[in-house]
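Heads up, the thing below is written out as structure tokens.
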Amino acid sequence: MLTVRIGGVPEHFNLPWKLAKDFGLFERKGIDLQWSYYGAGTGAMVADLKAGKLDMAVLLTEGAVSAIINGLDAKIVKQYITSPLIWGIHTGADSHLENIGQCEGRKYAISRFGSGSHLMALIDAEVRGKKIEQVDFVPIENMSGAIPSLQKKETDVFFWEKYTTKPHVDRHEIKKIGEFVTPWPCFQIVSNSEFLKEHKSGVVDLLSVISFASKQFMKADNSIDMVLENFEIKPEDAHSWFYSTEWNTDFQVSDKMLENVMFSLKKIGNIKEERPSTELVADFVELI
0 MLTVRIGGVP EHFNLPWKLA KDFGLFERKG IDLQWSYYGA GTGAMVADLK
50 AGKLDMAVLL TEGAVSAIIN GLDAKIVKQY ITSPLIWGIH TGADSHLENI
100 GQCEGRKYAI SRFGSGSHLM ALIDAEVRGK KIEQVDFVPI ENMSGAIPSL
150 QKKETDVFFW EKYTTKPHVD RHEIKKIGEF VTPWPCFQIV SNSEFLKEHK
200 SGVVDLLSVI SFASKQFMKA DNSIDMVLEN FEIKPEDAHS WFYSTEWNTD
250 FQVSDKMLEN VMFSLKKIGN IKEERPSTEL VADFVELI
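Per numbering that gives the first Met the number 0, residue 0 is the first one in the sequence shown, and the count goes up by one each step.
Here it is as structure tokens:
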């Protein structure tokens, strides 16, 4: 039995992992899947990959590419979600801010540096021709840290996945002042390079299981019911999220997409140089 320690965010996207584990699909392939939820997101998972506490992780695309180029010894082994992420842009419930254009010079709450909440804020600002200074970022770890920070006006702006934050918006704990759609597919599965080298066939088996589980989840009649059972989300929001999300079920990754990500990361100063896409992905990944 191959033990695989893998992490992912506690969001709707990762429900197929739970379902596949609950139905014993990984065990049938000889895999002991040890799944951990990371409320602090991509930055925290990258830190644990570096520290040897994780073998694999489901990371935001921009976070995965950034981490690998900046020294994480890992490879992208599969694109997980084909559709983009819809980021909600939030502020405190009683803040006078009404849109992102009023946020220049404000404090941005981020889970940690290198996380999606950090990189997306920079990319959004670059798209608008603005710049966020390093001193304006305040690490708050996760949603539980962001809400009181925004309420106390210690920070002013917070980027986080739209449907995950919506219950807090509905309860008037925070206020949404905009959205930003990631200009590429949102999640990639990465593996520690040494683990991949030692257990390549096991990694491929694991990826085949999650591809099958994702395909079944997209086709099942009760998929939205399962989302409602497992997450705090209203039925209308579950429908909107489900029908705007597409899981990838093959081993193809767009070369142009990776180039686009690197181009954007270089523009915001997160990476110094772009790399050939072949250096970012495992040898069984088909670049198209």
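Glycine residues also receive a C-beta, built at the ideal position from the N, C-alpha and C atoms.
Keep in mind that this is a model prediction, so the values were computed, not measured.
Asked	Found
Reduced DSSP secondary structure (H/G/I, E/B, other) of arginine 170	coil
Every unbroken beta strand (DSSP E) inside the region 181-239 [3 residues or more]	186-191
Sheet register partners of tryptophan 159 (DSSP bridge)	Gly87
Coarse secondary structure for phenylalanine 25, derived from DSSP in three states	helix
Contact with chain D by lysine 165, beta-carbon distance below 7 angstroms	No chain D is part of this structure, which consists of one protein chain only.
In chain order, each alpha helix (DSSP H) run of at least 4 residues that lies wholly inside the region 29-100	41-49, 60-68
Neighbourhood of tryptophan 159 by C-beta, 8 angstroms cutoff - its chain only, sequence neighbours within 5 removed	Trp86, Gly87, His89, Ser116, Met142, Ala145
Which of helix, strand or coil DSSP assigns to proline 275	coil
Local conformation of alanine 124 per DSSP, three classes	helix
For arginine 170 and isoleucine 75, the rounded distance between their alpha carbons	38 angstroms
Runs of alpha helix (DSSP H) wholly within the region 244-276 (minimum 4 residues, chain order)	254-266
Paired residues, beta bridge with leucine 286 - DSSP	Val252
Exposure label - methionine 119; buried when at least 16 CB within 10 Å	buried
The region 9-23 contacting the region 202-213, beta-carbon criterion three pairs below 8 angstroms	yes
7 angstroms Cβ cutoff met for glutamate 272 and proline 166	no
Of the residues Asp155, Ile287, Ala281, Asp135, the one placed nearest isoleucine 188, counting alpha carbons only	Ala281
DSSP-derived helix/strand/coil call for lysine 20	helix
Residue from Arg105, Leu53, Lys49, Val284 whose Cα sits closest to the Cα of tyrosine 36	Leu53
The ligand NAD heavy atom lying under 6 angstroms from the CB of glutamine 133	For the structure depicted, the ligand NAD is absent and the ligand set is empty, with no information on it obtainable.
Boundaries (first-last residue) of the beta strand (DSSP E) holding isoleucine 146	Isoleucine 146 -> not in any beta strand (DSSP E); alpha helix (DSSP H) instead, spanning 142-150.
Buried versus exposed, by CB contacts within 10 Å (16 or more), phenylalanine 262	exposed
Nearest-angstrom beta carbon gap, aspartate 254 and isoleucine 223 [assumed within contact, 8 angstroms]	That pair is no contact at about 34 angstroms.
At least 3 beta-carbon pairs within less than 8 angstroms: the region 45-64 vs the region 147-157	no
Run of the beta strand (DSSP E) containing isoleucine 5, from where it starts to where it stops	1-7
Local conformation of glycine 104 per DSSP, three classes	coil
Coarse secondary structure for lysine 175, derived from DSSP in three states	strand
Alpha carbon of arginine 105 to alpha carbon of proline 184, nearest angstrom	29 angstroms
Close Cβ partners of isoleucine 270 (< 7 angstroms) along its chain, the five nearest in sequence each way excluded	Ser65, Ile68, Asn69, Met261, Leu264
Helix, strand or coil at phenylalanine 241 [DSSP, three-state]	helix
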